[in-house]
Amino acid sequence: MSAELEAGKKESRWKLSLDTWAVLVAFLLALLVRTGVFKHIPW
Amino acid sequence: MADAITVPQVQPVQPAMRFMRVIPGVLLLATVGYSGKLLEQNVGAYAKAHHWTFPNIEYVLWAIILGLVISNTVGVPEIFRTGVATYEFWLKAGIVLLGARFLLGDILKLGGVSLVLVAIEITGAIAFMTFLGRVFHLKPKLTSLLAVGSAVCGVSAIIATKGAIEADDEDSSFSIAAILALGALALFTFPVIGHFLHLSDRVYGLWAGLAVDNTAEATAAGALYSDAAAKLAVLIKSTRNAMIGFVVLAYAIYWASQGQAKSVGNKAAFLWQKFPKFVLGFLMISVVATYHFFNKEQLGALGNLSRWAFLLTFAGVGLRTNFSDMRKQGLRPFAVGAIGEVVIAGFTLALVYGAGKLFGW
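Those protein sequences? They're chains S and P, same order as listed.
Take any residue in the first sequence, note its place counting from 1, add 13, and you have its number in our numbering.
Take any residue in the second sequence, note its place counting from 1, add 34, and you have its number in our numbering.
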């Protein structure tokens with residue numbers, strides 16, 4: 014197997030799913046609210 | 035040592051490039067969603083100022099209608115499509131953030147009841163869809179996909195099952211089209227039925243979460259009724275989503291036993307791979323919120339962030355629904371799906387009513 018395919022396989026093993034990205038972004042936003050970076054979010 | 039066969043080098047898309055590609059579509063989602071919000075505020079005020087009788091249409095419905103109009107008239111140009119497809123990402127981020135509005139005790143209290151209701155719904159829906167598939171002589175794997183789509187969680191469940199049971203692309207396209215078309219219909223029929231039957235927010239939210247298949251449509255159907263109904267619809271729908279791994283595993287084992295799919299090696303790894311991680315995120319945020327990690331103002335801010343994320347989702351629901359594409363997929367799977375959905379909607383409504391009487395909701 015070529016080195017490129019090996020590398021591709023390794024990369025895809027570490028690729029995060031859409032679900033996981035959504036969770037990470039939501040946690041980051043929650044942390045920014047908690048630390049006061051985002052004080053007020055209007056609606 | 036060089037390989038004897040040279041593999042064509044595929045240029046990977048750089049992360050920065052990938053990010054740039056989603057921007058136009060995300061801007062379109064934001065524009066359509068925000069226009070829906072403006073229409074909600076201004077149409078109602080305009081009608082009131084001119085003494086017209088006009089129903090109060092929520093931003094949810096405006097955003098979906100605007101999206102549907104664009105998608106079914108001028109269409110969504112290629113440049114926007116990658117970004118429009120991110121609506122599922124916003125949906126999941128919105129659900130995780132919504133976790134802050136739930137106390138763990140409420141989830142456990144409702145979770146126990148909802149788990150029983152979800153188990154009954156999944157068993158009943160799979161049994162009935164399998165029966166209908168046989169009556170209408172649908173291909174067995176197509177029937178499996180339709181059964182999973184209507185019992186568990188729409189498109190994600192169909193995609194997960196397709197891989198596990200090695201179904202045809204054509205079968206999964208049929209099932210996805212049927213589930214999406216029926217989800218779009220549910221958006222318009224569920225709130226009307228709910229108001230007609232004077233359902234409480236709790237009963238309606240439980241019903242929408244149990245009967246509407248796709249998570250985005252279930253959230254929208256709940257939000258079209260009330261905020262409280264939307265919260266419950268999301269909770270119940272997430273409970274259904276959490277079952278996806280078990281149902282897909284059961285189907286994978288069945289089709290492997292028929293010699294028509296690969297057998298599943300490590301079942302625990304399979305379950306983890308299929309488990310929707312946003313459900314865990316939702317629970318984790320709820321746990322920290324229960325232990326006062328956020329103050330009242332911060333909880334309000336998280337609730338609003340979740341609303342903004344849903345706003346993009348609702349715009350995406352309209353923009354990705356194209357009726358002419360769905361028509362091309364044929365009538366039979368749609369008919370099976372439609373009959374199944376009507377029966378499941380009636381069955382789950384009776385179930386929720388029964389539970390309401392039992393628990394005094």
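C-beta atoms are modelled at their ideal positions from N, C-alpha and C, and glycine is treated no differently.
On a predicted model such as this, the values are computed, not experimentally measured, just so you know.
Exercise for the section: Determine the closest residue to P/Ala97 out of P/Glu122, P/Thr120, P/Ser69 and P/Arg361, with distance taken between C-alpha atoms. Expected result: P/Ser69
Exercise for the section: Determine, using beta carbons only, whether S/Val50 comes closer than 8 Å to chain P. Expected result: no
Handout entry: C-alpha gap between P/Met35 and P/Trp306, whole angstroms
Key = With a pLDDT of only 39 at P/Met35, under the threshold of 50, the placement of this residue in the model should not be trusted, and no figure is reported.
Exercise for the section: Determine the chain P residues that contact S/Leu31 at a beta-carbon separation under 8 Å, and present them in chain order. Expected result: Glu122, Phe123 and Lys126
Problem - Check whether P/Tyr343 and P/Leu333 have beta carbons under 8 Å apart - result: Correcting the residue identity first, residue 343 of chain P is Ala in this sequence and not Tyr. For P/Ala343 and P/Leu333, no; Cβs fall outside 8 Å.
Practice task
Report the neighbours of P/Asn130 on chain S: residues whose CB is nearer than 7 Å to its CB, in chain order.
Solution key: The question names Asn, but residue 130 of chain P is Val in the sequence shown. Residues of chain S passing the Cβ test: Ala35, Val36 and Ala39.
Exercise for the section: Use the C-beta contact count for P/Phe123: other C-beta atoms within 10 angstroms, 16 or more gives buried, fewer gives exposed. Expected result: buried
Practice task
Can you give me the Cβ contacts of S/Ser30 inside the same chain, cut-off strictly under 7 Å, excluding the 5 residues immediately before and after it?
Solution key: none
Problem - contact_flag[the region 167-178 of chain P, the region 196-203 of chain P] where n(CB pairs < 8 Å) is 3 or more - result: yes
Exercise for the section: Would you identify the three-state DSSP class for P/Lys296, choosing helix, strand or coil? Expected result: coil
Exercise for the section: On a CA-only basis, which of P/Ala211, P/Ala252 and P/Val282 is nearest P/Ala303? Give me that one, please. Expected result: P/Val282
Exercise for the section: Would you kindly report the start and end of the unbroken alpha helix (DSSP H) that includes P/Phe344? Expected result: Lys330 to Leu353
Exercise for the section: Provide the residue span of the alpha helix (DSSP H) that contains P/Ile192, from first to last. Expected result: Gly188 to Ile199
Practice task
Would you verify that the beta carbon of P/Gly315 is, or is not, closer than 8 Å to some beta carbon of chain S?
Solution key: yes
Exercise for the section: For the region 227-238 of chain P and the region 257-264 of chain P, state whether three or more C-beta atom pairs, one from each stretch, are separated by less than 8 Å. Expected result: yes
Exercise for the section: Rounded to whole angstroms, what's the CA-CA distance from P/Phe165 to P/Tyr93? Just pull it up for me. Expected result: 39 Å
Exercise for the section: Could you spell out the range, first to last residue, of the alpha helix (DSSP H) harbouring P/Ser174? Expected result: Checking the displayed sequence, the identity of residue 174 of chain P turns out to be Pro instead of Ser. Its alpha helix (DSSP H) spans residues Pro174 to Val182.
Handout entry: Top-ranked residue by Cα proximity to S/Ile54, from P/Leu336, P/Tyr387 and P/Thr65
Key = P/Leu336
Problem - For P/Gly101 and P/Thr273, the rounded distance between their alpha carbons - result: 28 Å
Practice task
For P/Arg446, go through chain S and note every residue whose CB falls closer than 7 Å to its CB, in chain order.
Solution key: Lying outside 35 to 395, the shown extent of chain P, residue 446 of chain P is not represented and no answer is given.
Problem - Three-way DSSP call (helix, strand, coil) for S/Lys52 in this model - result: coil
Problem - Spatially closest choice to P/Gly390 from P/Leu151, P/Glu74, P/Ala159 and P/His84, by CA coordinates - result: P/Leu151
Handout entry: Runs of alpha helix (DSSP H) wholly within the region 109-163 of chain P (minimum 4 residues, chain order)
Key = 112-118 and 121-132
Handout entry: Element boundaries [alpha helix (DSSP H), containing P/His229]
Key = Asp203 to Phe230
Handout entry: Minimum C-alpha distance to P/Asp140 - residue among P/Ile270, P/Ser358 and P/Leu392
Key = P/Ile270
Handout entry: From P/Glu375, P/Leu314 and P/Val370, residue whose alpha carbon lies closest to that of S/Val36
Key = P/Leu314
Handout entry: Residues near P/Met163 by beta carbon distance below 6 Å, same chain, minus five either side
Key = Leu180, Ala181, Ser184 and Gly374
Handout entry: Coarse secondary structure for P/Glu92, derived from DSSP in three states
Key = coil
Practice task
With DSSP as the reference, label P/Pro58 as helix, strand or coil.
Solution key: helix
Handout entry: With 16 other Cβ atoms within 10 Å as the buried cut-off, status of S/Val46
Key = buried
Practice task
Counting only the same chain and skipping the five closest in sequence on each side, list residues whose C-beta sits under 7 Å from that of P/Val246.
Solution key: Gly217, Ala220, Phe224, Ala252 and Ala255
Exercise for the section: Using a Cβ-Cβ cut-off of 8 Å, state whether S/Leu44 counts as contacting chain P. Expected result: no
Exercise for the section: Taking P/Leu244 and P/Thr347 to be in contact with their CB atoms under 8 Å, please state how far apart those CB atoms are, rounded to whole angstroms. Expected result: Incorrect: roughly 20 Å between the Cβ atoms, too far for contact.
Exercise for the section: Using alpha carbons as the reference points, say which of P/Phe208, P/Gly133 and P/Thr116 lies closest to P/Val268. Expected result: P/Gly133
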